[in-house]
Amino acid sequence: MDAVVTVSHVNKSFNHKRILHDVNLTASTHEILGLIGPSGAGKTTIIKNIMGMEEPDDGAVTVFGQPMPNRKVLQRIGFMAQEDALYNNLTGLENLKFFAQLFGVQKDQLKNRIDYTAGIVNLNQDLGKRVSNYSGGMKRRLSLAISLIQDPELLVLDEPTVGIDPELRRQIWDELRKYAEDGKSIIITTHVMEDAAECDELLMIREGHVITHGSPSNLEQQFNVDNLEQVFLKAGKSNANTDNH
Ligand SMILES: Nc1ncnc2c1ncn2[C@@H]1O[C@H](COP(=O)(O)OP(=O)(O)OP(=O)(O)O)[C@@H](O)[C@H]1O
1 MDAVVTVSHV NKSFNHKRIL HDVNLTASTH EILGLIGPSG AGKTTIIKNI MGMEEPDDGA
61 VTVFGQPMPN RKVLQRIGFM AQEDALYNNL TGLENLKFFA QLFGVQKDQL KNRIDYTAGI
121 VNLNQDLGKR VSNYSGGMKR RLSLAISLIQ DPELLVLDEP TVGIDPELRR QIWDELRKYA
181 EDGKSIIITT HVMEDAAECD ELLMIREGHV ITHGSPSNLE QQFNVDNLEQ VFLKAGKSNA
241 NTDNH
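Heads up: the sequence shown begins at 1 in UniProt numbering, then just goes up one per residue.
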């Protein structure tokens, strides 16, 4: 496994309030890395620092060995933001084609990539509709298909499973697993423990601190509990105690 993303000792404040405290992480090939924590914990801020959309106050971020932002590196990343960035007046198909061209998908690959990515999120039947007529869940699914369109080496997905029903969620996780097995790297944020259980490596985030990290099974063992929710609660408590001393 090779390191694809490194975040080293990153601190970030907004309006003099510290949002990230000494965050460290490594995302590697063949791996799904999950950032889990409640709303406001700082997950999106970490993602934005990785994508070069925010700059750390201290510390460093590299993606494929390069400091971000870097336009060439961005071409190698499939990014799904928390807010859907779609063209509402275009159809789903036109959106997919637009982003495929932006990311340099070869013409002879275009149909295959569109069929494949729309299939993953069950949108094939709705591609002719304008996005303005899509539900919120359909928009999330289209955003996910777009993030996969150029077969990126790194996928960065901010809350991809919000608004997605359990059956489709299973299908998406199976595809993400295949993607990682193919040697790619995936970073995903979630506040849902079922999603966290699908990851190879987890960072539990609370109030901008990484309170613990490890594989789901190792974390359950380490904290001597049988689910990740309990790990989060126990890790949060021990972290709070440490903070007080
Ligand atoms: N540009 C900004 N200016 C000021 N405060 C910000 C900015 N971006 C984020 N914050 C604050 O940083 C904190 C962490 O936000 P962030 O979006 O990273 O959390 P999150 O874990 O992704 O939450 P959610 O699951 O709700 O998306 C919040 O208190 C938020 O209000």
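Cβ coordinates follow ideal geometry from the N, Cα and C atoms, glycine included.
Close beta carbons around residue i, own chain, < 6 Å, minus the five adjacent residues each side
i: I187; result: A27, L33, V156
Proximity of residue i and residue j at Cβ, strictly below 8 Å
i: N239; j: H213; result: no
i: R141; j: I114; result: no
i: A235; j: P216; result: no
Environment of residue i [buried if 16+ CB atoms lie within 10 Å]
i: residue 254; result: Since the first and last residues shown for the chain are 1 and 245, residue 254 lies out of range.
i: N60; result: Sequence check: residue 60 is Ala here, not Asn. By the 10 Å Cβ count, A60 comes out exposed.
i: E83; result: exposed
i: S143; result: buried
i: R206; result: buried
i: K139; result: buried
i: F99; result: buried
i: N49; result: buried
8 Å Cβ cutoff, residue i in contact with chain D
i: T26; result: Absent here is chain D; the protein component of the structure consists of one chain.
Per DSSP, the bridge partner or partners of residue i
i: L154; result: I77, S185
i: S8; result: A60
i: M204; result: I36, T212
i: R113; result: None; R113 has no bridge partner.
i: A27; result: V5
i: F14; result: K17
i: R130; result: T91
Cut-off 7 Å between Cβ atoms - residues of its own chain near residue i, not counting five sequence neighbours on either side
i: M1; result: S28, T29, H30, E31
i: S145; result: Just to set this straight, residue 145 is Ala in the shown sequence, not Ser. Answer for A145: L96, T117, A118, I120, V121, L123, listed in chain order.
Close beta carbons around residue i, own chain, < 8 Å, minus the five adjacent residues each side
i: K184; result: T29, H30, P152, E153, L154, L155
i: V4; result: A27, S28, T29, V63, F64, E153, L154, S185
i: L110; result: K97, A100
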